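Q: Here it is, the structure in full.
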Amino acid sequence: MKWYYKDGEQQFGPLGDDEFQDMVKIGTIHGDTFVRNNTMTKWIRYGYVSSVTPDVMTEPEDVHDALELSCSQCGKRFLKEDMIRYENVWVCASCKPLFIQKIKEGVSVGGIREYAGFWLRFAALILDYIFMFFVQMVIFIPTGFITAQMKLPAPGTSPDMSVMAPFMTLQLLLSLLSYAIYIAYETWFIGKYGATLGKMACKIKVITSDGGRVSYLRAFGRYFAKMISGLILGIGYIMAAFDDQKRSLHDRICDTRVIKK
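Following our numbering from start to finish, the sequence shown increments by one per residue and tops out at 558.
Dropping the structure here:
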């Protein structure tokens, strides 16, 4: 089944059942979020979605008319009298302790995304560069010893192509390997976990604009979009400091967002 939801006037989807439930668990979709699936003919608030036949699914005119509501944390249905309400979300008794803990820790629980700011993203980027620096050193220090053993021509003398050709080939291969490592790192971690090691350390992650997981293909393209952000004097990165959703240029190109976990 394919699901859709609204955030203001903007529509997101389609989402599979598992993706939809993940959005419910993280609070992006809550009791007052308008949703529908491919079997429904109208938008209704998620708090009124039940297991009844979709074509007769209706929404009460007032929240007090509803006997059952969906928990914003686990997505299951419960009697309203067995739940608690916090702002515009409803929580079941089982999820209440964890929900209260989230509130104490300052975690957003009202279905509003908390976007990662410029400095937090910058810190994650620096951590990634530090990590990749050590990875590169492990690979390139041994090759540096190999290069040092090559008998290169002295300055001012004619180059010996029998020596220069292997040296230049090695340098080209090392450059290509360096780029391949960065691309593989970014693509695999973003596609698999939604975050690189630096982002994990800063507790932020990359999602699509509709809240879904970033595919490996999109993560691959995002790496090259980041190069564009850097090539224009870093302005593409700085854009995140002034955007209402903290989007950098590569986020705009790839339709991604960076949020706090």
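We treat Cβ as the ideally placed atom computed from N, Cα and C, and that holds for glycine.
Every value quoted in this text rests on a predicted model; they were computed, and no experiment measured them.
Roughly how far, in whole angstroms, is the beta-carbon of residue 545 from the beta-carbon of residue 526, given that I think they are within contact range, below 8 Å?
A: As a position in the sequence shown, residue 545 is number 248, starting the count at 1. As a position in the sequence shown, residue 526 is number 229, starting the count at 1. Residue 545 to residue 526, Cβ: 6 Å. Contact.
Q: Within a Cβ cutoff of 6 Å, which residues of the same chain sit near residue 494, ignoring the five residues on either side of it in sequence?
A: Your numbering for residue 494 matches position 197 in the sequence shown. Result list for residue 494: 428, in chain order.
Q: Inspect the beta-carbon positions of residue 487 and residue 558 and report whether they are closer than 8 Å.
A: If you number the sequence shown from 1, residue 487 lands on position 190. If you number the sequence shown from 1, residue 558 lands on position 261. No, the Cβ-Cβ distance between residue 487 and residue 558 is not below 8 Å.
Q: Note down, one range per segment and in chain order, each beta strand (DSSP E) of at least 3 residues found wholly within the segment 464 to 538.
A: Correct list: 501 to 505.
Q: According to the neighbour-count rule (16 or more other Cβ atoms, all chains shown, within 10 Å of its Cβ), is residue 300 buried or exposed?
A: Translated into the one-based positions of the sequence shown, residue 300 becomes position 3. With 16 or more other Cβ atoms within 10 Å, it is buried.
Q: DSSP on residue 416, reduced to helix/strand/coil?
A: Counting from 1 along the sequence shown, the entry for residue 416 is found at position 119. Helix.
Q: Under the rule that 16 or more other beta-carbon atoms within 10 Å means buried, what is residue 315, buried or exposed?
A: On the sequence shown, position 18 is the one that residue 315 refers to. Answer is exposed; the Cβ neighbour count stays below 16.
Q: Which residues share a DSSP beta bridge with residue 312?
A: In the sequence shown, residue 312 corresponds to position 15, counting from 1. Answer is 300, bridged to residue 312.
Q: I need the DSSP call for residue 341, collapsed to helix, strand or coil.
A: Locating residue 341 in the sequence shown gives position 44, where the first residue counts as 1. Strand, per DSSP.
Q: Excluding the 5 residues preceding and the 5 following residue 536 in the sequence, name in chain order all residues of the same chain whose CB lies nearer than 6 Å to its CB.
A: Numbered from 1 along the sequence shown, position 239 holds the residue referred to as residue 536. Closer than 6 Å at Cβ, skipping near neighbours: 545, 546.
Q: Would you please state the rounded distance, in angstroms, between the beta carbons of residue 543 and residue 419? I believe it to be under 8 Å.
A: Within the sequence shown, the letter at position 246 stands for residue 543. Within the sequence shown, the letter at position 122 stands for residue 419. 11 Å between Cβ atoms; not a contact.
Q: Using the rule of at least 16 other Cβ atoms within 10 Å of the residue's Cβ for burial, across every protein chain shown, is residue 521 buried or exposed?
A: Here residue 521 refers to the residue found at position 224 when the sequence shown is read from its first residue. The residue is exposed, with fewer than 16 neighbouring Cβ atoms inside 10 Å.
Q: When we look at the beta-carbon of residue 437 and count the other beta-carbons within 10 Å, is it buried (16 or more) or exposed?
A: Mapped onto the sequence shown, residue 437 falls at position 140. Flag for residue 437 reads exposed.
Q: Since residue 549 is in the beta strand (DSSP E), which residue starts that stretch and which ends it?
A: Along the sequence shown, read from residue 1 onward, the residue named residue 549 stands at position 252. Element bounds for residue 549: not the beta strand (DSSP E) but the alpha helix (DSSP H), 546 to 551.
Q: Given a threshold of 16 other Cβ atoms within 10 Å of its Cβ, counted over all protein chains shown, does residue 309 qualify as buried or as exposed?
A: Translated into the one-based positions of the sequence shown, residue 309 becomes position 12. It is buried - the Cβ of residue 309 has at least 16 other Cβ atoms within 10 Å.
Q: Judging by CA-CA distance, which residue of 475, 531, 497, 368 is the nearest neighbour of residue 431?
A: Taking the sequence shown and counting its residues from 1, one reaches residue 431 at position 134. Nearest C-alpha to residue 431: 475.
Q: On a Cα-Cα basis, can you pick out the residue from 326, 492, 370, 425 that is closest to residue 398?
A: Within the sequence shown, residue 398 is the residue found at index 101, counting from 1. Out of 326, 492, 370, 425, 370 has the C-alpha closest to the C-alpha of residue 398.
Q: Among the candidates 417, 468, 505, 304, whose CA atom is the shortest distance from the CA of residue 440?
A: For the purposes of this step, residue 440 is identified with residue 143 of the sequence shown, where counting begins at 1. Comparing Cα positions, the closest option is 468.
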